[in-house]
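Encoded as structure tokens, the structure appears first; notes follow it.
Residue numbers (the working numbering): 32 to 309.
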């Protein structure tokens, strides 16, 4: 009997010990043990200041303010025979583009543009070729090649050309030799940010239009980290209401004089002038 009692006592002690261990293992982890979840990217807010007309035949690939004037570059998809690959000054009263440069649409598909030190640089889509023009006369000064498979958006930090190619990478090019200086990979709290398209460099940050979305991301040029996001889906919806044939948003330009941005898209009937706040 004593032996049986002893066995029962040991069994109870073992059971209680296992229960305590199980309870300890199931207890919530302390804050030091728990892995912190990534912080959400800050939202950039905006208000619409005014609207301007936009050419509905313009398949927008680039938009930039230069010397107080708004310039636009366009592409020419074969399935849209009314489109042209041109670069020109936008008449904000009519939306028409006063053509300064035109590429042979059977040979080249125009993409992003940027002005840097009295020169205009233009990318093409699949040709791996770019063009250089005099910023005043628009006379062609030369051509260049780039290593990316595709040319999309183009901007500058005042020293280098910065181009996108539809991936998560931004490639810095020397504007004289066109050699690659560095490649910046863009990420947010969820990982790589792909489909980076039209670009703008403003006050030390790179802004990128994310293709197929109505999102613009603010990028730290040292780390590639996304520091802010702007949702322009309400503008895209409005553009499609006004003109049902309107396609993706693509085209962001900053006016350093007014502090406003110009936003449009492929075949949109409207250019939106907005003011962005943190």
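Where is the CB? At the ideal position from N, CA and C, for every residue including glycine.
Since the model is a prediction, treat every value here as computed from it, not as a measurement.
Quick check on residue i: does DSSP put it in helix, strand or coil?
{"i": "residue 302", "result": "strand"}
{"i": "residue 284", "result": "strand"}
{"i": "residue 248", "result": "strand"}
{"i": "residue 89", "result": "coil"}
{"i": "residue 116", "result": "coil"}
{"i": "residue 95", "result": "strand"}
{"i": "residue 269", "result": "helix"}
{"i": "residue 124", "result": "coil"}
{"i": "residue 107", "result": "coil"}
{"i": "residue 195", "result": "strand"}
Within this structure, are the beta carbons of residue i and residue j separated by less than 7 angstroms?
{"i": "residue 297", "j": "residue 90", "result": "yes"}
{"i": "residue 191", "j": "residue 163", "result": "no"}
{"i": "residue 302", "j": "residue 85", "result": "yes"}
{"i": "residue 185", "j": "residue 215", "result": "no"}
{"i": "residue 115", "j": "residue 104", "result": "no"}
{"i": "residue 80", "j": "residue 304", "result": "yes"}
{"i": "residue 232", "j": "residue 188", "result": "yes"}
Below 8 angstroms on the Cβ atoms is my guess for residue i versus residue j; work out the distance and round it to an integer in Å.
{"i": "residue 222", "j": "residue 72", "result": "In fact, because the Cβ distance is near 12 angstroms, the residues do not count as touching under 8 angstroms."}
{"i": "residue 128", "j": "residue 141", "result": "The pair is not a contact, with the Cβ atoms about 12 angstroms apart (cut-off 8 angstroms)."}
Check: How do the stretch 93-110 and the stretch 275-294 stand: do at least 3 beta-carbon pairs fall below 8 angstroms, yes or no?
Finding: yes
Note to self: Closer than 8 angstroms is the cut-off here; do at least three beta carbon pairs connect the stretch 262-273 with the stretch 163-175?
What the structure shows: no
Note to self: If contact is defined by three or more beta carbon pairs under 8 angstroms, each pair taking one atom from either stretch, is the stretch 222-230 in contact with the stretch 285-303?
What the structure shows: no
Next item on the list: Pair every Cβ in the stretch 236-251 with every Cβ in the stretch 188-202, then say whether three or more of these pairs are closer than 8 angstroms.
Entry: yes
Note to self: Would you call the stretch 174-192 in contact with the stretch 119-134, where contact means no fewer than 3 C-beta pairs closer than 8 angstroms?
What the structure shows: no
Item checked: Runs of beta strand (DSSP E) lying entirely within the stretch 207-252, each at least 3 residues, in chain order -> 211-216, 227-233, 236-241 and 246-250
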